[in-house]
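Notes follow the structure.
Number of protein chains: 2
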Amino acid sequence: MSRVLSAALTEHAGHSVTIAGWVHRRRRLKSVSFLIVRDRAGLAQVVVHEGELPPEESVVEVTATVVASPQAPGGVELVEPEITVLSEPAQAPPFDLFRPAVPAALPTVLDHAPVALRHPALRAVLEISGASVSGFRATLDGAGFTEIHTPKLVASATESGANVFPVDYFGRTAYLAQSPQFFKQMMVGVFERVYEVGPVFRAEPHDTARHLAQYTSLDVELGFVRDHRDVMAVLREVLSGMVESVRHRGHAVGLPHVPQEIPALHFTEAKALTGDDGEPDLSPAQERALSEWALREHGSEFVFVTGYPMVKRPFYTHPDPDRPGYSNGFDLLFRGMELVTGGQRLHRYADYLAALDERGEPVEPYEGYLSAFAHGMPPHGGFAIGLERWVSRLADLPNVRQAALFPRDLHRLSP
Amino acid sequence: MSRVLSAALTEHAGHSVTIAGWVHRRRRLKSVSFLIVRDRAGLAQVVVHEGELPPEESVVEVTATVVASPQAPGGVELVEPEITVLSEPAQAPPFDLFRPAVPAALPTVLDHAPVALRHPALRAVLEISGASVSGFRATLDGAGFTEIHTPKLVASATESGANVFPVDYFGRTAYLAQSPQFFKQMMVGVFERVYEVGPVFRAEPHDTARHLAQYTSLDVELGFVRDHRDVMAVLREVLSGMVESVRHRGHAVGLPHVPQEIPALHFTEAKALTGDDGEPDLSPAQERALSEWALREHGSEFVFVTGYPMVKRPFYTHPDPDRPGYSNGFDLLFRGMELVTGGQRLHRYADYLAALDERGEPVEPYEGYLSAFAHGMPPHGGFAIGLERWVSRLADLPNVRQAALFPRDLHRLSP
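The listed protein sequences correspond, in order, to chains S and F. Take the first sequence: its position 282, counted from the start at 1, is 282 in the UniProt record's numbering, and no numbers get skipped. Take the second sequence: its position 361, counted from the start at 1, is 361 in the UniProt record's numbering, and no numbers get skipped.
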């Protein structure tokens with residue numbers, strides 16, 4: 001007999017079906033017991049009148065009759081069951097997986113992730129993550145973008161110089177890529193519009209709630225833009241697609257409205273609004289104040305800050321042609337935190353040579369990258385969204401580790 | 001004026017439009033010249049009567065009138081153009097990008113990949129790759145699978161012990177993951193059905209046409225299977241979805257038919273058919289002979305070999321309960337080469353302990369992985385498809401490097 005998922009049981013009322021899943025909970029009352037079975041679609045209640053109940057996390061197959069029961073989850077329950085145990089647990093779970101709130105602290109959850117993630121609330125976070133990525137891709141697929149998979153092993157630690165992981169690569173030193181930045185720009189010359197969903201690596205020596213040693217970066221780059229505003233328009237569409245995809249899969253918790261026009265402030269305006277301290281960057285407190293301002297004045301949980309000072313942006317950043325010292329780079333703040341960094345890039349070979357020279361950087365490590373610009377590149381720009389950071393803001397998780405599958409950090413390299 | 005793509009020009013016959021792209025080729029005739037402009041959608045022919053023609057790979061914007069012209073590519077050409085150069089190349093391409101066949105050997109192509117990949121034939125290979133991944137995902141999304149992103153940094157070199165890249169991880173040694181095998185199995189306990197598209201790393205010391213140091217692995221794992229045959233059925237659907245996706249995007253070259261029932265041979269039958277040499281594995285010559293057999297006898301370019309000897313499969317492989325010494329593991333051969341490895345896995349904790357013990361392996365490095373089985377896991381199995389190998393077979397490329405974006409191998413770590 002083929003298996004029926006818990007969420008589909010109502011369609012089978014009055015009939016005998018087979019379900020399969022994990023024993024989520026046993027509830028023994030005076031004259032009857034309930035076995036709650038968990039599968040990938042939800043929970044099913046099985047009414048048991050006699051015999052032993054298999055312990056929590058046993059894998060079972062249950063053949064029984066579906067009957068309507070207004071009190072049961074989903075409005076149906078299974079009666080007169082024949083229960084087959086497919087697999088018995090050798091150990092009890094580290095905490096009760098059936099409690100509505102996770103009854104364990106974060107270190108316990110992370111140490112026991114292979115079983116802890118079975119908790120419906122923790123599983124839901126990863127479902128939100130998957131739905132977000134699906135919405136990201138669908139939006140870009142619909143806009144003529146091509147998906148790419150770029151090398152994660154690179155010959156030199158170019159982009160920032162610091163915080164890279166060295167790899168013993170057949171006897172010489174390679175580095176784990178900190179971002180697909182150079183590759184996605186080069187591929188604009190091939191496909192005009194590209195995206196990548198992939199791991200990036202940061203040897204981040206700080207133990208904070210917002211940094212991971214590996215995270216999933218959602219990278220976009222597009223050519224033939226007027227300036228950074230065309231990039232921001234694509235980002236707006238992508239965010240909208242991600243939110244709709246999460247909503248479509250039934251995770252409506254705390255989803256933001258993505259306004260048609262996300263409010264945008266120039267860096268100098270942002271500074272004036274939050275107290276100009278002369279720093280060429282925004283402090284976390286200023287980011288929070290700007291998010292509050294956008295919500296108050298524009299009803300938006302998103303706010304763009306454009307025109308960051310050139311001195312704080314990477315060498316490939318396109319300057320604002322009208323405001324010396326300022327760039328066509330932007331950040332997107334979401335719920336008080338920087339979520340996305342992006343901007344227009346330089347596209348002329350001579351501009352790259354000048355930018356590297358100005359920063360006192362040699363040309364040789366960038367040879368392959370620069371060759372793309374030597375052969376004609378259009379005005380272009382792009383952005384990167386940190387997936388775990390996005391999910392942690394969406395699901396209101398205080399620590400980005402709660403949005404990652406088996407997070408890696410300064411201290412954690414397993415499970 | 002908003003930009004029109006080359007492929008959409010026929011819809012604008014009689015009107016003035018603006019296109020943008022790269023100068024693909026200049027053709028000077030006696031009384032007229034043609035400028036062929038390449039964009040992400042194809043080529044457009046511009047008729048030029050006077051003035052200098054910008055060199056190949058210049059980035060241009062052309063405003064002109066669309067007129068029907070049966071001889072022109074796409075049946076239209078652009079006349080009375082106003083040409084704006086957005087970006088000038090600083091160097092000539094390493095070879096002519098407009099020749100129908102790539103006029104360069106593989107090392108030249110790889111050394112100059114950032115510009116070489118602009119050649120339509122090379123770009124098409126990467127488009128086939130993207131379309132394949134899209135079909136892979138769509139098939140699994142439609143079958144209740146959840147996409148995951150697993151760690152690429154792991155604490156021990158468990159799965160094979162050899163061919164791993166060591167990483168300096170905050171002063172201790174980590175390793176680049178050779179596959180998401182353990183993670184995807186653990187996640188069966190959470191989502192039942194999962195997939196991942198991501199990089200895997202093999203410190204492959206051999207310089208062959210079929211090995212890469214990094215490749216893209218399409219990984220699938222599903223629970224509640226009867227045995228490996230349920231896994232093979234999902235693989236068949238996935239392959240069909242991949243082929244249809246490539247066909248849908250217009251790449252019909254050499255696409256195989258995926259039969260409703262892919263022919264399958266037991267390992268012992270495969271050996272008997274190709275000359276039993278007593279070896280517990282198939283030689284490349286035997287794989288080719290089996291592919292020829294399947295094509296001849298069943299008209300299929302795919303053939304399954306099931307029941308590989310346990311001794312040649314990893315410790316987590318489920319044995320065939322009816323044939324001691326043989327496994328529920330399979331390979332899928334495609335056009336003479338192993339394309340997919342998969343099978344049913346052990347699912348009981350005690351079986352894992354016994355399997356490790358039998359191979360003389362310690363339990364400690366597997367602690368996190370084993371904990372999933374200690375807490376109840378269903379019968380499950382899965383498979384992995386090497387994306388570059390798939391694309392190289394589809395597009396009939398003799399070297400897998402031709403199907404990779406910026407390949408990494410024993411000697412190559414750039415561009």
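C-beta atoms are modelled at their ideal positions from N, C-alpha and C, and glycine is treated no differently. Keep in mind that this is a model prediction, so the values were computed, not measured.
{"query": "Sorted by chain position, which residues of the same chain lie with C-beta nearer than 8 Å to HIS298 (chain F)'s C-beta, five sequence neighbours on each side aside?", "result": "PRO259 and PRO263"}
{"query": "Measuring CA to CA, which of F:TYR308, F:GLU61 and F:ARG202 is closest to LEU86 (chain F)?", "result": "F:GLU61"}
{"query": "Counting only beta-carbon atoms, is GLN185 (chain S) nearer than 7 Å to chain F?", "result": "no"}
{"query": "Would you say the stretch 385 to 392 of chain F touches the stretch 127 to 144 of chain S, given that touching needs at least three Cβ pairs under 8 Å?", "result": "no"}
{"query": "Check the Cβ of residue 486 (chain F) against every Cβ in chain S and list those closer than 8 Å, keeping chain order.", "result": "Only positions 1 to 415 of chain F appear in the structure, and residue 486 (chain F) is not among them; the question remains open."}
{"query": "Could you confirm whether any beta carbon from chain F is found closer than 7 Å to the beta carbon of LEU190 (chain S)?", "result": "Note on identity: in this sequence residue 190 (chain S) is Val, with Leu being the wrong assignment. Closer than 7 Å: yes."}
{"query": "What beta strand (DSSP E) runs, 3 residues minimum, are completely inside the stretch 155 to 239 of chain S?", "result": "166 to 169, 172 to 176, 193 to 201 and 214 to 223"}
{"query": "Starting from the beta carbon of MET377 (chain S), find every residue of chain F whose beta carbon is closer than 8 Å, and list them in chain order.", "result": "VAL59 and SER87"}
{"query": "Specify the secondary structure class of HIS12 (chain F) as computed by DSSP and reduced to three states.", "result": "helix"}
{"query": "Do the CB positions of GLY275 (chain F) and THR139 (chain F) come within less than 7 Å of each other?", "result": "no"}
{"query": "Please confirm whether ALA131 (chain F) has its beta-carbon closer than 7 Å to some beta-carbon of chain S.", "result": "no"}
{"query": "Does the CB of ARG40 (chain F) have a neighbour CB from chain C at under 7 Å?", "result": "Included in the structure are the protein chains S and F, with no chain C among them."}
{"query": "Do we get a CB-CB distance below 7 Å when we pair residue 421 (chain S) with the residues of chain F?", "result": "Any question about residue 421 (chain S) goes unanswered here, given that chain S covers just 1 to 415."}
{"query": "Kindly indicate if chain S contains any beta-carbon less than 7 Å away from that of LEU222 (chain F).", "result": "no"}
{"query": "May I ask you to report which of helix, strand or coil DSSP gives ILE19 (chain F)?", "result": "strand"}
{"query": "Run through the DSSP bridge pairs and tell me what GLN344 (chain S) is partnered with.", "result": "S:GLY381"}
{"query": "In angstroms, rounded to a whole number, what distance separates the CA positions of HIS206 (chain S) and ILE36 (chain S)?", "result": "43 Å"}
{"query": "Pairs of beta-carbons, one from the stretch 13 to 29 of chain F and one from the stretch 189 to 203 of chain F, closer than 8 Å: are there three or more?", "result": "no"}
{"query": "Exposed or buried, what is SER129 (chain F) when buried is set at 16 or more other beta-carbons lying within 10 Å of its beta-carbon?", "result": "buried"}
{"query": "Which two residues bound the contiguous alpha helix (DSSP H) that contains PRO120 (chain F)?", "result": "120 to 141"}
{"query": "When you compare only the Cα positions, how much space is there between VAL190 (chain F) and VAL167 (chain S)?", "result": "32 Å"}
{"query": "Taking the alpha carbon of residue 416 (chain S) as the reference point, which residue from S:GLN402, S:LYS184, S:GLY223 and S:VAL76 has its own alpha carbon closest?", "result": "Nothing in the structure corresponds to residue 416 (chain S), since chain S is present only between 1 and 415."}
{"query": "CB-CB under 6 Å to ARG249 (chain S), same chain, minus the five flanking residues each way: which ones, in chain order?", "result": "ALA131"}
{"query": "Helix, strand or coil for HIS298 (chain S) per DSSP?", "result": "helix"}
{"query": "Let me confirm a value: GLU388 (chain F) is counted as buried when at least 16 other C-beta atoms fall within 10 Å, else exposed. Which label applies?", "result": "buried"}
{"query": "Given that ILE148 (chain F) touches chain S, what residues does it touch there, using C-beta distances under 8 Å?", "result": "LEU126, GLY130 and LEU405"}
{"query": "Does the beta carbon of HIS24 (chain F) come closer than 7 Å to any beta carbon on chain S?", "result": "no"}
{"query": "Which whole-angstrom value describes the C-beta separation of ALA372 (chain F) and PRO114 (chain S), a residue pair presumed to lie in contact below a C-beta threshold of 8 Å?", "result": "4 Å"}
{"query": "Per DSSP, ASP39 (chain F) forms a beta bridge with which residues?", "result": "F:GLY42"}
{"query": "If you drop the 5 nearest sequence neighbours on each side, which residues of the same chain put their C-beta closer than 7 Å to that of SER300 (chain F)?", "result": "PRO259, ILE262, PRO263 and ALA294"}
{"query": "How long is the line joining the alpha carbons of VAL303 (chain S) and MET337 (chain F), rounded to whole angstroms?", "result": "52 Å"}
{"query": "In the structure shown, what three-state DSSP assignment does PHE334 (chain S) receive?", "result": "strand"}
{"query": "Can you find a CB in chain F that lies within less than 7 Å of the CB of GLY254 (chain S)?", "result": "no"}
{"query": "Please tell me whether VAL23 (chain F) and PRO54 (chain F) are closer than 7 Å, where the distance is taken between their beta carbons.", "result": "yes"}
{"query": "In the structure shown, what three-state DSSP assignment does PRO81 (chain F) receive?", "result": "strand"}
{"query": "Tell me which residues of the stretch 203 to 227 of chain S have at least one Cβ-Cβ distance to chain F shorter than 8 Å, keeping chain order.", "result": "ALA203, PRO205, ALA213, GLN214, THR216 and PHE224"}
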